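Per my numbering, the sequence shown starts with residue 62, numbered consecutively.
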Amino acid sequence: MKSHSKTVPIAVALHGGSGTILRQNLSEELENEYRHALATALDIAWNILENGGSALDAVEKGACSLEDCPLFNAGAGSVLTAEGIHELDASIMFGKDRNAGAVTGIRTVRNPISLARAAMEKSSFVFLGGDGAEQFADTTNLERVPEDWFTTKERADQLKEAQQRDTAVMDHDGTPNKFGTIGVVALDLNGDLASATSTGGLTNKQFGRIGDSPVIGAGTYADNMTCAISCTGYGEEFIRAVVAHDVASRMRYLGESLEQAAHEIVHVQLPKIDGCGGLVGVDCKGNVTLPFNTDGMYRAWRSSLHGEGVEIFK
Numbered sequence: 062m063k064s065h066s067k068t069v070p071i072a073v074a075l076h077g078g079s080g081t082i083l084r085q086n087l088s089e090e091l092e093n094e095y096r097h098a099l100a101t102a103l104d105i106a107w108n109i110l111e112n113g114g115s116a117l118d119a120v121e122k123g124a125c126s127l128e129d130c131p132l133f134n135a136g137a138g139s140v141l142t143a144e145g146i147h148e149l150d151a152s153i154m155f156g157k158d159r160n161a162g163a164v165t166g167i168r169t170v171r172n173p174i175s176l177a178r179a180a181m182e183k184s185s186f187v188f189l190g191g192d193g194a195e196q197f198a199d200t201t202n203l204e205r206v207p208e209d210w211f212t213t214k215e216r217a218d219q220l221k222e223a224q225q226r227d228t229a230v231m232d233h234d235g236t237p238n239k240f241g242t243i244g245v246v247a248l249d250l251n252g253d254l255a256s257a258t259s260t261g262g263l264t265n266k267q268f269g270r271i272g273d274s275p276v277i278g279a280g281t282y283a284d285n286m287t288c289a290i291s292c293t294g295y296g297e298e299f300i301r302a303v304v305a306h307d308v309a310s311r312m313r314y315l316g317e318s319l320e321q322a323a324h325e326i327v328h329v330q331l332p333k334i335d336g337c338g339g340l341v342g343v344d345c346k347g348n349v350t351l352p353f354n355t356d357g358m359y360r361a362w363r364s365s366l367h368g369e370g371v372e373i374f375k
């Protein structure tokens, strides 16, 4: 990591999903691929911050890198619904003014996180969905792709296996309970925070189900007074617990640190409602937290105050 001469801290943290991630299920080659993808996204976001760029740019570009990697369930490599199609979700939030944008049911936009940012900056709305979101995409210059561009053989095989098992949550190797989401949070030299989250949803999902990733306050939140949060887990419980906002609320109203607030939510409150998953967070002082209550979480972080790392397992 380059030395950072500024007195104002910068920091970035990101995740690529949590769940049943066991060392014995991951070959050395595949583990190295995951670590490389996480490190690449981290470098992209960090270089923006280190060169004086905005936290918004950092989280968007870092998220785009993860969306473009077929290892993760977001963008390229997203899972398939029960109908054999892709329905992609994303959200982004800027802590300075708490402006936010979110999209759901995306089918043709290569990087849904960029469409979420466009919704935030180029529309008068926060949350756009389905055909309407696709129509809004027509007004932008964002890259469009054929729907099958997102599909990989692994995801097609997962759908077949999930339908045989009649389940809606499948891991990359066919085992249940990996929650595929990507997310990036950042603090820039201006003291601004931002958060971005993107997902392909659940394998074999039905009825237009929407998880927490595009829901502001549940899967994504940012406020310069407190923190930026991006969550990964089984979305229903994260929506019920309003996880991302609750971390910020505990900091603001109870005076808890980022570490205290995130630990309480992930390890105490979520388990009370059978909530599994984790989150990444950065506060306004450059502190980073990455708690999870599952077997593993693909994660990486770098802070001008607290070092860096890339990890997968506990």
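All residues carry an ideal CB built from backbone N, CA and C; glycine is no exception.
Note that this is a predicted model, so its numbers are computed, not measured.
Nearest-angstrom Cβ-Cβ length linking Ala305 and Ala255, presumed shorter than 8 Å: Ala305 to Ala255, Cβ: 13 Å. No contact.
Cα-Cα separation, Ser88 to Asp218: 19 Å
First and last residue of the uninterrupted beta strand (DSSP E) at Ala72: 72 to 80 is the extent of the beta strand (DSSP E) around Ala72.
CA-to-CA distance, Ser184 to Phe197, given in whole angstroms: 9 Å
Contained beta strand (DSSP E) runs [length at least 3] in the region 293 to 361, N- to C-terminal order: 338 to 344
Rounded separation between Arg311 and Val329 - CA only: 13 Å
Val230, buried or exposed, once every other Cβ within 10 Å from all chains shown has been counted against 16: Residue placement at Val230 cannot be trusted, given a pLDDT of 48 that sits under 50; the coordinates are not used to answer.
Proximity below 8 Å, CB of Cys130 to CB of Asn172: Result no, Cβ atoms of Cys130 and Asn172 do not sit closer than 8 Å.
Minimum C-alpha distance to Thr213 - residue among Ala247, Gly145, Asp307, Phe268: Gly145
Boundaries of the beta strand (DSSP E) in which Gly370 is found, first to last residue: 368 to 374
Whether Ala414 touches Leu127 by CB criterion (8 Å): Outside the shown range of the chain, which is 62 to 375, sits residue 414, and nothing can be said about it.
Where Gly166 sits in the DSSP three-state scheme: Three-state DSSP puts Gly166 in a strand.
Buried/exposed call for Gly235, threshold 16 Cβ in 10 Å: Per-residue confidence for Gly235 stands at a pLDDT of 36, beneath the threshold of 50, marking its modelled position as unreliable; the derived number appears in the next sentence. Exposed: under 16 other Cβ atoms inside 10 Å.
CB contact flag (Ala143, Ser152, <8 Å): No.
Outcome for Arg216 when other beta-carbon atoms lying within 10 angstroms are tallied against a minimum of 16: With 16 or more other Cβ atoms within 10 Å, it is buried.
Closest residue to Glu208 among Val308, Leu141, Thr260 (Cα-Cα distance): Leu141
Counted within 10 angstroms of its Cβ, other Cβ atoms place Arg363 as buried (16 or more) or exposed: buried
Tyr282 beta carbon near the ligand ATP (any heavy atom closer than 7 Å): This structure lacks the ligand ATP; in fact it carries no ligand of any kind.
Touch test, the region 273 to 282 against the region 85 to 102, Cβ-Cβ under 8 Å, three pairs minimum: no
Coil, strand or helix - Gly190 by DSSP: strand
Residue range of the unbroken beta strand (DSSP E) whose run includes Val245: 242 to 248
Phe197 - DSSP class collapsed to helix/strand/coil: Assigned with DSSP and collapsed to three states, Phe197 falls in helix.
Alpha-carbon to alpha-carbon, Asn285 and Val371: When rounded, the distance between both Cα atoms is 26 Å.
Three-state class that DSSP yields for Thr236 in the structure shown: Below a pLDDT of 50, predicted positions are generally treated as unreliable, and Thr236, at 40, falls in that range; no measurement from the model is reported.
Closest residue to His324 among Glu317, Ala257, Pro352 (Cα-Cα distance): Pro352
Where Asn348 falls, given that 16 or more other Cβ within 10 Å makes a residue buried: buried
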